[in-house]
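According to the working numbering, the sequence shown holds residues 21 to 377 in order.
The next block holds one structure in the form of structure tokens; read it before the comments.
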Amino acid sequence: MRSIDEDKLGLFVKQTGGMVAASFNCAITVLGDRLGLYRALSELGPCSSEALAAHLTLHERWVREWLYQQACIGQVEYVEGANQFAISPEAYAVLADADHPAYLMGGFDSALAVFPAVTKLEEAFRTGIGMSYDDHGPNCACGIERMGAFTKKNRLVAEMVPLIPGMHDRLSAGADVADVGCGGGLAVIALAEAYPRSSFVGYDTSDEALARARANLQETGLTNVRLCNPFQEPLPENPVFDLITTFDVIHDTPYPQDLIDQIYGALKDDGRWLCEDIKGFDSFEDNLKHHPIAALLYGFSVTVCMNSGLSTADGAGLGTLGFTEPMAREMTAQAGFREFELLAIENPMNNYYLLGK
């Protein structure tokens with residue numbers, strides 16, 4: 021064995037210790053969310069553990085240790101000399117404000133949900149066959165829904181639909197729309213509320229996601245949306261839809277080319293497909309050197325996205341960063357799409373492609 025550089029060893033131990041601390045932090049942050057601790061800190065302002073516990077009717081000793089950990093990890097601030105704790109506006113945006121574009125609590129939910137999958141993943145490394153989204157249970161579906169909620173609730177109707185030529189008028193008059201891989205149904209709900217004369221279908225192969233979508237839909241009272249599993253009701257083989265949307269779906273599916281072919285077949289000749297997918301570079305080397313959150317995305321890929329893409333023996337396994345723009349152009353052209361446009365929508369995580377026949 022090569023001799024060890026003690027300085028490098030110390031740095032590596034520090035780095036790895038930080039990673040272990042971050043792993044514990046996923047569970048502890050989700051606790052803070054579920055118990056309302058971040059929101060309460062914002063409401064109270066700088067306060068003691070006693071005041072925070074009393075405000076939420078929680079046990080003070082548990083709250084105090086949670087605050088100690090959160091201060092050490094850097095998610096809450098400690099007010100020296102006053103023995104008080106506070107949450108900054110920036111931390112609140114990321115950890116508690118679901119209406120802010122920086123909100124990331126869904127990421128913590130998703131990370132926590134996949135921890136129990138380690139045993140199954142160990143077997144996947146031997147057999148090559150991964151897990152479906154439902155194999156992770158309901159918390160994974162919840163986390164993924166929360167991660168994509170801001171775009172669907174706040175940007176889809178206001179910013180994205182206007183970029184599709186003539187689509188606002190078509191939807192206003194009454195059009196047929198499908199969201200493939202609809203998850204919790206947030207996209208079809210946002211569109212259906214904005215365009216009551218149009219009809220919407222949300223497709224998803226995850227029963228956990230469809231259960232969330234049905235619950236979300238029931239809260240709205242909308243009657244122009246229906247939800248279905250394409251295993252029971254496949255996309256129509258004839259061109260019926262004016263608009264099809266997919267949000268971070270293509271890289272997840274075991275059969276991306278088949279899905280793209282089905283989307284092409286179900287789209288009217290003058291229809292459009294709005295495709296959101298993960299933004300990345302064309303090679304691992306470029307992602308390693310230049311992608312600011314490559315480690316996060318490759319981590320998500322091993323535990324969730326590539327896992328889903330290899331959930332069948334002959335799955336493509338594209339991975340989170342696998343559906344690059346050149347690949348998207350190639351696969352959609354193979355399906356028959358002649359129009360491909362990279363839309364000017366600013367998003368640090370995603371690209372947006374507009375496709376037509």
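Yeah, the Cβ is synthetic: ideal placement off N, Cα and C, and Gly gets one too.
DSSP places V114 within a helical segment (H, G or I) once states are collapsed to three. In the pairwise beta carbon analysis, the segment 197 to 213 is classified as touching the segment 232 to 239: at least three pairs are separated by under 8 Å. Counted as a single uninterrupted DSSP element, the stretch harbouring E359 is not any alpha helix (DSSP H) but the beta strand (DSSP E) occupying residues 359 to 362.
When rounded, the separation of the alpha-carbon atoms in I24 and T36 is 17 Å. Distance from the Cα of L341 is smallest, within the candidate group S303, D334, L362, N45, for S303. According to the DSSP secondary-structure assignment, W293 is paired through a beta bridge with I264, L375. Exposure of P185 is indicated by the presence of fewer than 16 other C-beta atoms within 10 angstroms of its C-beta.
Secondary structure in the segment 131 to 197: the alpha helix (DSSP H) runs of 4 residues or longer, each lying completely within the stretch, are 138 to 147, 158 to 167, 187 to 193 in chain order. If you check the CB distance, F220 and N244 come in under 8 Å.
With three or more CB-CB distances shorter than 8 Å, the segment 317 to 335 counts as touching the segment 132 to 151. In this structure, T225 places its C-beta atom within 8 Å of the C-beta atom of F251. Taking all protein chains in view, the Cβ of S218 is crowded by 16 or more other Cβ atoms within 10 Å, so the residue is classified as buried.
Restricting attention to I164, A137, A113, the CA atom closest to the CA of F128 is found in I164.
Non-local C-beta neighbours of S152 in its own chain, meaning closer than 8 Å and more than five positions away in sequence, comprise T225, S226, S328, S331, ordered along the chain.
For S328, the enclosing alpha helix (DSSP H) covers residues 326 to 329. Just measuring C-alpha positions, the residue of R81, T352, D334, H311 sitting nearest L294 is T352.
Take C67, set aside five residues on each side of it, and the residues of its chain with a beta-carbon closer than 6 Å to its own are Q104, in chain order. Excluding the 5 residues flanking it on each side, G148 has same chain C-beta neighbours closer than 8 Å at L330, A333, in chain order. With a minimum length of 3 residues, the unbroken runs of beta strand (DSSP E) contained wholly in the segment 200 to 267 fall at 219 to 223, 245 to 248, 261 to 267. Non-local beta-carbon contacts of E361 in its own chain, meaning distances under 8 Å to residues more than five positions away in sequence, involve Y373, L374, L375 in chain order. Rounded to the nearest whole angstrom, the CA to CA distance from M369 to L316 is 11 Å.
Between the segment 46 to 54 and the segment 122 to 138 there are three or more C-beta pairs closer than 8 Å, enough to call the two in contact. F357 is classed as buried because its beta carbon has at least 16 other beta carbons within 10 Å across all chains shown.
If you look at E366, you'll find it isn't in any beta strand (DSSP E); DSSP assigns it neither H nor E. By the Cβ neighbour-count rule, W86 is buried, with 16 or more other Cβ atoms within 10 Å of its own. Secondary structure note for E97: its beta strand (DSSP E) is the uninterrupted segment 97 to 99. In the structure shown, A74 adopts helical secondary structure according to DSSP, grouped into three states. With a cutoff of 8 Å on beta-carbon distance, Y275 and A336 are scored as near each other. Judged by their CB atoms, A286 and L255 are nearer to each other than the 8 Å cut-off. Proximity to F170 across V99, I264, Y123 peaks at Y123, based on C-alpha coordinates. Note: F105 is bridge-paired with C67, Y98 in the DSSP secondary-structure output. Remark: C-beta atoms of R59 and A133 do not approach each other more closely than 8 Å. Distance from the CA atom of L76 to the CA atom of A195, rounded to whole angstroms, is 47 Å. Taking 8 Å as the cut-off, the beta carbon of I313 is found no closer than this to the beta carbon of H271. Counting along the chain, I283 sits inside the alpha helix (DSSP H) bounded by residues 276 to 286.
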